[in-house]
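Numbering of the sequence shown is given in my numbering, commencing with residue 5 and proceeding in unit increments. We treat Cβ as the ideally placed atom computed from N, Cα and C, and that holds for glycine. None of these values were measured; they are calculated from a predicted model.
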Amino acid sequence: MVNTLIKNTRYYKIDLSSTLFNEYLVERVYGNSTYKAPTGKRSNYFNSLLEAKEFIFKLVKSKTKKGYVEIK
5 MVNTLIKNTR YYKIDLSSTL FNEYLVERVY GNSTYKAPTG KRSNYFNSLL
55 EAKEFIFKLV KSKTKKGYVE IK
(Lines of atoms letter the chains of each structure in order from A and count residues from 1; the text may use other names and numbers.)
(Lines give C-alpha, C1' and ligand atoms only; values in the text may rest on other atoms or scores of the structure.)
Protein backbone atom coordinates (compact mmCIF):
# COMPACT_ATOMS: atom_id res chain seq x y z
CA MET A 1 0.00 0.00 0.00
CA VAL A 2 1.52 3.32 -1.07
CA ASN A 3 0.14 6.79 -0.42
CA THR A 4 1.69 9.77 -2.16
CA LEU A 5 0.91 13.33 -1.12
CA ILE A 6 1.94 16.37 -3.15
CA LYS A 7 2.07 20.08 -2.23
CA ASN A 8 3.52 22.46 -4.86
CA THR A 9 7.08 21.13 -5.24
CA ARG A 10 7.05 19.06 -2.03
CA TYR A 11 6.14 15.38 -1.82
CA TYR A 12 5.49 12.91 1.01
CA LYS A 13 5.39 9.18 0.20
CA ILE A 14 4.09 6.63 2.72
CA ASP A 15 4.68 2.91 2.14
CA LEU A 16 3.33 -0.02 4.20
CA SER A 17 4.98 -3.45 4.00
CA SER A 18 5.31 -6.57 6.14
CA THR A 19 8.66 -7.81 7.43
CA LEU A 20 9.99 -11.35 7.78
CA PHE A 21 9.39 -11.16 11.54
CA ASN A 22 5.59 -10.65 11.31
CA GLU A 23 5.90 -6.92 11.91
CA TYR A 24 4.69 -4.09 9.71
CA LEU A 25 6.94 -1.35 8.42
CA VAL A 26 5.67 2.14 7.63
CA GLU A 27 8.30 3.97 5.63
CA ARG A 28 8.03 7.69 4.90
CA VAL A 29 10.11 9.42 2.25
CA TYR A 30 9.74 13.16 1.76
CA GLY A 31 11.42 16.08 0.09
CA ASN A 32 11.41 18.63 -2.68
CA SER A 33 10.74 17.38 -6.20
CA THR A 34 13.37 19.74 -7.64
CA TYR A 35 16.13 17.92 -5.72
CA LYS A 36 17.57 14.61 -6.92
CA ALA A 37 17.66 12.94 -3.49
CA PRO A 38 14.90 12.90 -0.86
CA THR A 39 15.21 15.32 2.06
CA GLY A 40 14.35 12.69 4.66
CA LYS A 41 13.39 9.10 5.30
CA ARG A 42 11.71 7.71 8.43
CA SER A 43 10.77 4.15 9.37
CA ASN A 44 8.34 2.94 12.02
CA TYR A 45 7.67 -0.69 12.98
CA PHE A 46 4.33 -1.96 14.31
CA ASN A 47 3.26 -5.30 15.77
CA SER A 48 -0.16 -5.29 14.11
CA LEU A 49 -1.57 -4.24 10.78
CA LEU A 50 -4.30 -2.25 12.52
CA GLU A 51 -1.75 -0.11 14.39
CA ALA A 52 0.15 0.56 11.17
CA LYS A 53 -2.99 1.56 9.27
CA GLU A 54 -4.11 3.87 12.09
CA PHE A 55 -0.68 5.53 12.02
CA ILE A 56 -0.92 6.04 8.24
CA PHE A 57 -4.46 7.42 8.55
CA LYS A 58 -3.28 10.00 11.10
CA LEU A 59 -0.32 10.98 8.91
CA VAL A 60 -2.48 11.44 5.81
CA LYS A 61 -5.02 13.47 7.80
CA SER A 62 -2.26 15.69 9.20
CA LYS A 63 -0.63 16.26 5.81
CA THR A 64 -3.91 17.04 4.02
CA LYS A 65 -4.66 19.68 6.68
CA LYS A 66 -1.31 21.27 5.79
CA GLY A 67 -2.25 21.54 2.11
CA TYR A 68 -0.93 18.28 0.65
CA VAL A 69 -3.14 16.51 -1.91
CA GLU A 70 -3.34 12.71 -1.95
CA ILE A 71 -2.45 10.99 -5.24
CA LYS A 72 -3.54 7.36 -5.61
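First through last residue of the alpha helix (DSSP H) which encompasses residue i
| i | result |
| --- | --- |
| residue 55 | 53-69 |
Residue i versus residue j - alpha carbon distance
| i | j | result |
| --- | --- | --- |
| residue 71 | residue 49 | 27 Å |
| residue 2 | residue 45 | Coverage of the chain is limited to positions 5 through 76, which leaves residue 2 absent and any answer about it impossible. |
| residue 1 | residue 73 | This structure cannot speak to residue 1, because the chain is shown only from 5 to 76. |
| residue 78 | residue 12 | The question about residue 78 has no answer, for the chain in this structure spans 5 to 76. |
| residue 32 | residue 69 | 18 Å |
For residue i, the first and last residue of its enclosing beta strand (DSSP E)
| i | result |
| --- | --- |
| residue 36 | 28-36 |
| residue 9 | 6-11 |
| residue 20 | 14-22 |
| residue 50 | 44-50 |
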